[in-house]
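Chains as they are written, first to last, in this note's numbering: chain A, 323 to 433; chain B, 73 to 184.
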């Protein structure tokens with residue numbers, strides 16, 4: 323059973339059209355939820371860490387929020403340069419040394 | 073800043089051939105990781121090294137071996153490559169007990 327599920331798999335937006343990406347998780351005793359951005363042909367790049375329900379983090383047009391069951395990545399007035407695959411991840415149940423990643427949401431923002 | 077450097081960036085192998093993917097980081101991180109990324113499967117952990125001198129299996133270790141050569145370097149070896157090992161391989165590093173991983177740019181491996 324997947325520990326991390328992301329939706330939608332792909333999302334196409336017009337420039338300026340705000341939306342949200344979802345990451346739901348099933349681990350108990352969450353020790354953090356992590357968001358990454360991955361550009362085509364590149365490795366993932368760290369964006370945010372969220373540790374507790376109600377926590378929010380912002381970076382430019384991105385805001386990540388966390389509840390007890392899921393996290394949202396809100397994208398406000400996106401630009402074409404926000405096009406990328408967004409990944410979320412949680413520490414594995416067996417320890418804190420490794421992350422389990424979701425399959426990602428591929429975001430395409432058209433001018 | 074170099075960060076995490078992987079070599080080679082591209083490699084084509086025939087079934088049964090062996091090869092080693094090299095990874096080095098210059099951030100003085102304790103922990104290093106090898107992931108593979110396949111379409112529809114996401115990133116999956118192959119092996120990791122929580123600290124120098126230790127290595128542990130991840131989700132998909134079969135067919136691979138690793139060596140933590142020193143604090144900077146962590147190599148991944150395919151002893152007898154199979155077509156199922158066609159993938160993009162990412163090395164990453166982090167401070168211990170943090171989910172902030174720094175990834176290399178990836179090594180694209182094709183096994184014919």
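Cβ atoms here follow ideal geometry from the backbone N, Cα and C, with glycine treated the same way.
Computed from a predicted structure; not experimentally measured.
Assumed close pair residue i, residue j - CB separation to whole angstroms, cut-off 8 Å
{"i": "residue 302/A", "j": "residue 433/A", "result": "Any answer about residue 302/A is impossible in this case: the structure gives chain A only from 323 up to 433."}
{"i": "residue 138/B", "j": "residue 119/B", "result": "4 Å"}
{"i": "residue 409/A", "j": "residue 358/A", "result": "4 Å"}
{"i": "residue 327/A", "j": "residue 424/A", "result": "6 Å"}
{"i": "residue 99/B", "j": "residue 174/B", "result": "6 Å"}
Under the three-state DSSP convention, the category residue i falls into
{"i": "residue 156/B", "result": "helix"}
{"i": "residue 392/A", "result": "strand"}
{"i": "residue 403/A", "result": "helix"}
{"i": "residue 367/A", "result": "strand"}
{"i": "residue 94/B", "result": "strand"}
{"i": "residue 346/A", "result": "strand"}
{"i": "residue 383/A", "result": "coil"}
{"i": "residue 129/B", "result": "strand"}
{"i": "residue 122/B", "result": "coil"}
Chain D contact residues for residue i, given Cβ-Cβ distances below 7 Å
{"i": "residue 424/A", "result": "The displayed structure is made up of protein chains A and B, and chain D is not among them."}
The beta strand (DSSP E) enclosing residue i, as first and last residue numbers
{"i": "residue 89/B", "result": "Unbroken run through residue 89/B: none, as it is neither H nor E."}
{"i": "residue 375/A", "result": "Unbroken run through residue 375/A: none, as it is neither H nor E."}
{"i": "residue 168/B", "result": "No beta strand (DSSP E) holds residue 168/B; DSSP gives it neither H nor E."}
{"i": "residue 74/B", "result": "Segment: none, residue 74/B is in no beta strand (DSSP E) and carries neither H nor E."}
{"i": "residue 427/A", "result": "427-432"}
Chain A residues whose Cβ lies nearer than 8 Å to that of residue i
{"i": "residue 105/B", "result": "420"}
{"i": "residue 124/B", "result": "Going along chain A, no residue has its Cβ under 8 Å from residue 124/B, so there is no contact; the nearest lies around 14 Å."}
{"i": "residue 146/B", "result": "Within chain A, no residue comes near residue 146/B; the closest Cβ sits about 14 Å away, beyond 8 Å."}
{"i": "residue 184/B", "result": "Here the premise fails: no neighbours, minimum Cβ distance about 22 Å."}
Contacts that residue i makes with chain B (C-beta to C-beta distance below 9 Å)
{"i": "residue 436/A", "result": "Absent from the model: residue 436/A. The displayed extent of chain A is 323 to 433, so no value can be given."}
{"i": "residue 364/A", "result": "175, 177, 178"}
{"i": "residue 356/A", "result": "171, 172, 173"}
{"i": "residue 411/A", "result": "115, 171, 173"}
Beta-bridge pairing of residue i - partner residues as DSSP gives them
{"i": "residue 108/B", "result": "116/B, 161/B"}
{"i": "residue 180/B", "result": "82/B, 160/B"}
{"i": "residue 413/A", "result": "421/A"}
Chain-ordered chain B contacts of residue i [CB-CB under 7 Å]
{"i": "residue 351/A", "result": "Residues of chain B passing the Cβ test: none, with the nearest at roughly 15 Å."}
{"i": "residue 400/A", "result": "Those within 7 Å of residue 400/A in chain B number zero; the least Cβ separation is about 23 Å."}
Closer than 7 Å: residue i CB and nearest the ligand SAM heavy atom
{"i": "residue 147/B", "result": "Only the bare structure without any ligand can be found here, which leaves the ligand SAM out of the picture."}
Residue i: contacting residues in chain B (beta-carbon distance under 8 Å)
{"i": "residue 386/A", "result": "By Cβ distance, chain B contributes nothing, its closest Cβ being about 13 Å from residue 386/A, past 8 Å."}
{"i": "residue 406/A", "result": "Result: empty, since nearest Cβ-Cβ is about 14 Å, beyond 8 Å."}
Residues that residue i contacts on chain A, provided the C-beta gap is smaller than 7 Å
{"i": "residue 162/B", "result": "365"}
{"i": "residue 130/B", "result": "420"}
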